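Scroll down for the structure; my scribbles are underneath it.
Residue numbers (this note's numbering): 4 to 76.
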C-alpha cells in the first residue's frame, strides 16, 4: 500500500538469509525459486554492518541524499 507517497511495504535485502524459509509462503506473491541472497553472488565476506552502511548510503544516493544520519531511540 502507498499513503501520501510513502510505501508501507518497506524493503528487504537478503544477505545471508536461509532461503528455505521462503518455501512456506509466497514473498510478494513470487515463487520461492526466484528468491536469492547477496552471498550467492559474491565470493567476498559480508559483514552485516558494512552491508547495511553501503546499502543505506547507495539507496539514499539514488534519491539525491548525500548524507545519512543514524537516529537511535
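Beta carbons are placed, not taken as given, at the ideal position from N, Cα and C, and that holds for glycine. Just so it is clear, the structure is predicted and the values come from calculations on it, not from any experiment.
> Where does the unbroken alpha helix (DSSP H) through residue 51 begin, and where does it stop?
Replying inline: Unbroken alpha helix (DSSP H) run through residue 51: 51-65.
> Just checking, does the stretch 4-15 make contact with the stretch 38-45 on the three C-beta pairs under 8 Å criterion?
Replying inline: Contact fails: fewer than three Cβ-Cβ distances are below 8 Å.
> If you drop the 5 nearest sequence neighbours on each side, which residues of the same chain put their C-beta closer than 6 Å to that of residue 12?
Replying inline: For residue 12, where only same-chain residues beyond five positions count, there are no Cβ hits under 6 Å.
> With which residues is residue 9 paired in a DSSP beta bridge?
Replying inline: The partner list for residue 9 (beta bridge, DSSP) reads 6.
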